[in-house]
Amino acid sequence: MLNELIENNMILVLPNNMKENVIKEVSSLDKIYNIKFMSLKELIDSLTFTYDERSIYYLIKKYDMNYDVANIYLNNLKYAVNNLSDKTNKLTKIKNELIENNLLIYDKNIDKLIDNKKIKIYGYDYISKFDLDILKKKGINAQIINKNVLDFNHEVYEFEDIKDEIYFILSKIIDLLNNGVDINNIKLCNVTSEYENDIKRMFKMFNINLNIKDNKSIKSSLIAKDLIDILENNNIDETLDFITNKYDMTILSNKYIVDEIIKILNKYTFVKEKNILIYILKNELSKKHLKEIKRKNAVNIIDLKDNIISENDYVFLIGFNMGNIPKIYKDEDYLSDIEKEKLNIEKSYEKNSLEKNAIINSIKSIKNLFITYKLKTNFDSYMPSLLISDMNLNVIKDIEKKYNYSKKYNELLLSEKLDNLIKFGENDKDLGILYSNRLNDNYLKYDNKFKGINKEKFNDSLNGKLLLSYSSIDNYNRCAFRYYLNNILKITEFEETFAQSIGTIFHDVLSKAFKENFDFDLEFENVTKAYDFSNKEEFFMKKLKEELRFIIDTINKQNNFNSLDKSLYENKVYINKEGNIKLTFMGIIDKLLYKEENNKTYLVIIDYKTGFPHTNLNNTIYGIDMQLPVYLYLAKEGLFKNAEVIGFYLQKILNNEIVRDPKKTYEQQKEENLKLLGYTIDEPELASKFDFSYTDSEVVKSLKFGQNGFYAYSKVLSKEKINKLIEIVKDNIDNAFDNILDAKFDINPKRVGKDNIGCSFCKYSDICFMKEEDVVLLDEHNNLDFL
Ligand code: SF4
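Numbering (the working numbering), first residue to last: 10 to 796.
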């Protein structure tokens, strides 16, 4: 085929996924050929125009466009025609503007390049009407070499579960390898997202190399997250210096991430506005994936479409399910089918028919093909592809499993089936075979003890500094191993959820809400602009905006009862500790109200909570749940010398639906829910500095004072007790520094009374395999009885 395809002085247009192999084949020939290789997109772009980063930036800046929307416009610019529809008029307007500003790229050398050259187009299942039209208009008489459609017959294998399907594929691959097939001739196609994790795991267990892309975006990596945070307040050089010092650049994946970030920053050096640069960076990083390390001898994943598959190849077409294959196009593109009709480009139903034919032709043309599908995964049910009836394919069901391919996997299956038998009484028909063939009796036997790490090496890895915060110490005291996984190994990639975004936005706006010249709408707009919300999230944000306006109005009302005339918001406080390396404890106090009087600073601390507010301080004695006391410690130790604490509170700023109280209006109930939750000094004179209404407080929940002093249900503490609480915090912080520097990271979740508070909300039970004997039992305290 190659000999018929190539000739000297030609342009060979072929899909990118075929380029590498064809170039390799051509360069192995004895003769030297002058051939320019291009994809059809590259050829059409050169014959028309294309765009780059400057065009994207222009649309984002000029029209405040979302990054994805800007790309949709740019990708549709080739269909810009006037007076066809509002959308094409808009495209024309944008196109003209980009031309006027020199922001479209025209290939000046294309005429010279194609002059006197034979152009052949090869490997495409179909070529769109638009592309054919461009070739015609430019007078290019390209030779389109259609794929040779053969007529091989195939069967389809049905599996109940996705893991059974993968097991079958692996067993067939092992058979092929045992029969002398080169692993590089074995290919998988149609590997959709629901397969990725199971395929990676099971190929590893069967010791079969597979080249598969990492589906995680670079944006979700800790380095990228860190870099974006730092870039907000520093210049690019400082940010990169910090990141390359903080992370080990000898680790290939770290280096790759930083290199990719630098590449993007280099493309956008002309962007002067930091906020736009960061916005674009986030978007581009979300589309980039971690590097795939391609192994030489491995099974490879290929495209079924726009590809020529050799007769030596053995192809597994997996996930032959409805919706997966063939792909279904709907009338939901930027240009509708009606507009496409007028533009003479393929409408969705035409694309569906082309797609279906392409898949059928590809299937018929592959000699060695295994087609498989599943009926369910752990999360979903699936139907077989409609192509089965269209192509009249024979389906083979109830395929008997042979258990002689992977001892490791057999043991796993045995444990799974034993679990099902013991827990649910399900007796699997294969349980007997697996049980009789087992190699050992390891079921439910394991040693999960953490064997420790080398203290000196660990200390070296800290690069001379250790930074702790309330949450890291909380993690450590709940379970040292949890801290080790989360804070030292950092195994969880941080991806901000919508709920977390709401928290950040609310905190951000509230930190500015009580300053002079605050303009709510303007500030809200400024803060939310950096986020890329879906339509659903936008809808909620509109509602939440009004909630936030109400919260600020209510806090302003609460402030009328308060004589503390100074304030700090989102204040970062650092406290340095003595040690051989730089030991720093830090925290950010949401809101600190204070008054300076007679050489003393009277203060109140308030922490906003969008989630569930935890007001019980009884575990402070164990260094757990000590957020508010930590802020007291930071204020007293790090901010004011002569501080006197009046109160410390949580304020729940987002409440769930309200249980209706017929005696109160909805507004009154909402205001009631915004009352502060926490402790007040038991001295009325001091309490009144913050809350004139302390006798029946309008500001603090359950605070009431009568003839016999504060009511029993009021949460009040004496000065001595508050100071003791702060002392306990200080000791807990010092102990945490000592234990962490001693590399003590045992699996030791704490149970207080009946509650295993160590493991609550911990994501790592799949790693630690915690046993009952790991739990450390602690006495339950009530009413701060340790003070
Ligand atoms: S699940 Fe429990 S024992 Fe395991 S790491 Fe988390 S806190 Fe520690």
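We put the beta carbon where it would ideally sit given N, CA and C, even for glycine.
With a threshold of 7 Å (Cβ to nearest heavy atom), would residue i be considered close to ligand 1?
| i | result |
| --- | --- |
| Leu553 | no |
| Tyr773 | yes |
| Ser331 | One point to set straight first is that residue 331 is Met, not Ser, in the sequence displayed. Incorrect: Met331 has no Cβ contact closer than 7 Å to ligand 1. |
| Phe459 | no |
| Ile749 | no |
| Cys768 | yes |
| Ile756 | yes |
| Asp783 | yes |
| Arg487 | yes |
| Leu494 | yes |
| Arg491 | yes |
| Cys777 | yes |
Would you mind sorting residue i into buried or exposed? The rule is 16 or more other CB atoms within 10 Å of its CB.
| i | result |
| --- | --- |
| Ile500 | exposed |
| Asn484 | buried |
| Asp322 | buried |
| Thr689 | buried |
| Met635 | buried |
| Tyr72 | exposed |
| Leu498 | exposed |
| Val78 | exposed |
| Arg854 | Because the chain in this structure spans residues 10 to 796, residue 854 falls outside the shown range and cannot be described. |
| Glu293 | buried |
| His516 | buried |
| Thr629 | buried |
| Ile208 | buried |
| Phe433 | exposed |
| Met392 | exposed |
| Gly762 | exposed |
| Asp700 | buried |
| Arg487 | buried |
| Ala508 | exposed |
| Thr563 | buried |
Which whole-angstrom value describes the C-beta separation of residue i and residue j, a residue pair presumed to lie in contact below a C-beta threshold of 8 Å?
| i | j | result |
| --- | --- | --- |
| Ile354 | Lys138 | 6 Å |
| Val158 | Ser394 | The Cβ separation is near 19 Å, so there is no contact. |
| Leu8 | Lys604 | Outside the modelled stretch of the chain, which goes from 10 to 796, sits residue 8, for which no answer is possible. |
| Tyr640 | Ile614 | 5 Å |
| Leu685 | Val709 | 5 Å |
| Tyr166 | Ile408 | 6 Å |
| Tyr493 | Phe754 | 4 Å |
If you follow the beta strand (DSSP E) that residue i is in, where does it begin and where does it stop?
| i | result |
| --- | --- |
| Glu579 | 575 to 586 |
| Met47 | 44 to 47 |
| Asp599 | 591 to 606 |
| Lys679 | Premise fails: Lys679 lies in the alpha helix (DSSP H), 675 to 682, not in any beta strand (DSSP E). |
| Tyr688 | 686 to 690 |
| Val784 | Neither: Val784 is in no beta strand (DSSP E) and is coded neither H nor E. |
| Met19 | 19 to 22 |
| Asp315 | Segment: none, Asp315 is in no beta strand (DSSP E) and carries neither H nor E. |
| Val639 | Val639 -> not in any beta strand (DSSP E); alpha helix (DSSP H) instead, spanning 636 to 643. |
| Val518 | Here Val518 belongs to no beta strand (DSSP E); instead the alpha helix (DSSP H) covers 507 to 521. |
| Lys474 | 474 to 478 |
| Ile311 | 308 to 311 |
For the alpha helix (DSSP H) containing residue i, name the first residue and the last one.
| i | result |
| --- | --- |
| Tyr288 | 283 to 296 |
| Ile143 | 138 to 146 |
| Val536 | 529 to 537 |
| Val267 | 261 to 276 |
In the DSSP output, what is residue i paired with across the bridge?
| i | result |
| --- | --- |
| Glu167 | Tyr382 |
| Tyr323 | Ile195, Asn377 |
| Arg760 | Asn765, Leu786 |
| Val190 | Answer is none; Val190 lacks a bridge partner. |
| Lys129 | Leu21, Gln152 |
| Tyr658 | Ile615, Gly687 |
| Phe719 | Phe714 |
| Thr59 | Ile114 |
| Glu653 | Tyr611 |
| Asn333 | In the DSSP output, where bridge partners are listed per residue, Asn333 has none listed. |
| Val725 | Thr689 |
| Asp705 | Lys713 |
| Val404 | Val165 |
Measure from the C-beta of residue i to each C-beta in chain D and report whether the shortest distance is under 8 Å.
| i | result |
| --- | --- |
| Val165 | In the structure shown, chain D cannot be found, because there is only a single protein chain. |
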